[in-house]
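**Q** Sharing a structure here in structure tokens format.
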Amino acid sequence: MLGQLLLPLALVMILGALALEQRVMNDHHSGVTMDEDVVADGFLSYKRAVQAYVHESPGITGSISLASLPTADITGATSAMHNIVQRSAAGTTIQTWWDGAGSARLATLQRLSQGDIAIGLSNGSTWQSPAGGQMGALPVAVAAGDVVSVVTFTGTGF
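Given below as structure tokens:
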């Protein structure tokens, strides 16, 4: 009886180990590590938290400090992540950026965000998105190569 249980258990363990090895090899060959996913997800959570904060406080302008955002909403965010909120007749524009993130991290962000068109790279005073091409002027110039996201909220209250 025990022998009949050990063989299927051993097969499950071997298949699990092979699957894990395959994932590690795929991550190694793609140049992406699980740690990079965690860091990139930190920017995505930061971007979402800033946008949620603006949604809840539609009159806000300027920069929202990292300390002002709910800790649970910014898992993995770092001091290299910044934002600016500007209001105009067209709506409320939110720019978030990640100092020094570069194109390698952009590829990871695109994968994790499922191709979010509002995420791209700064050219200094303009930006481009892999999905959207040239996206126009940045509300605030940031270093070329920084990952950026620009969205505009419109409608009542914005």
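This note's numbering numbers the first residue of the sequence shown as -2 and each following residue consecutively.
Note that CB positions come from ideal geometry on N, CA and C, so glycine has one too.
A quick note: this is a predicted structure, and the numbers were derived from the prediction, not measured.
Buried or exposed: T58, going by 16 or more other Cβ atoms within 10 Å of its Cβ?
**A** For the purposes of this step, residue 58 is taken as residue 61 along the sequence shown, with counting starting at 1. Counting Cβ neighbours within 10 Å, T58 comes out exposed, since fewer than 16 surround it.
**Q** Assuming contact is defined by CB atoms lying nearer than 9 angstroms, are T93 and E33 in contact in what I supplied?
**A** Counting from 1 along the sequence shown, the entry for residue 93 is found at position 96. Counting from 1 along the sequence shown, the entry for residue 33 is found at position 36. No.
**Q** Using the C-alpha atoms, what's the distance from L63 back to S76?
**A** Residue mapping note: residue 76 aligns to position 79 of the sequence shown, counting from 1. Residue mapping note: residue 63 aligns to position 66 of the sequence shown, counting from 1. Straight-line Cα distance between these residues: approximately 7 angstroms.
**Q** Look up S65 in the DSSP assignment and say whether it is helix, strand or coil.
**A** Along the sequence shown, one-based indexing puts residue 65 at 68. Three-state result, S65: helix.
**Q** Using the rule of at least 16 other Cβ atoms within 10 Å of the residue's Cβ for burial, across every protein chain shown, is A134 buried or exposed?
**A** Locating residue 134 in the sequence shown gives position 137, counting from the first residue. Under this definition A134 is an exposed residue.
**Q** If I'm right that D38 touches L109 with Cβ under 8 angstroms, what's the distance once you round it to whole angstroms?
**A** As a first step, residue 38 must be located in the sequence shown, where it is residue number 41. As a first step, residue 109 must be located in the sequence shown, where it is residue number 112. With a Cβ gap of about 6 angstroms, D38 and L109 count as contacting.
**Q** Measure the CB-CB distance between F40 and I91 and report whether it falls below 9 angstroms.
**A** Taking the first residue of the sequence shown as 1, we reach residue 40 at position 43. Taking the first residue of the sequence shown as 1, we reach residue 91 at position 94. It is not a contact, given that the beta carbons lie outside the stated cut-off.
**Q** Just how far apart, CA to CA, sit A141 and H79?
**A** The residue you call residue 141 lines up with position 144 of the sequence shown. The residue you call residue 79 lines up with position 82 of the sequence shown. Each residue's alpha carbon lies about 15 angstroms from the other.
**Q** Shortest alpha-carbon distance to A115 belongs to which of S122, Q107 and G121?
**A** Translated into positions along the sequence shown, residue 115 becomes position 118. The residue with the shortest Cα to Cα distance from A115 is Q107.
**Q** Would you mind giving the Cβ-Cβ distance between I61 and Y50, rounded to the nearest angstrom? I have them listed as a contact below 8 angstroms.
**A** What you label residue 61 is simply residue 64 of the sequence shown in a count that begins at 1. What you label residue 50 is simply residue 53 of the sequence shown in a count that begins at 1. The pair is a contact, with the Cβ atoms about 6 angstroms apart (cut-off 8 angstroms).
**Q** Give the DSSP bridge partners of H79, in chain order.
**A** Translated into the one-based positions of the sequence shown, residue 79 becomes position 82. In the DSSP output, where bridge partners are listed per residue, H79 has W94.
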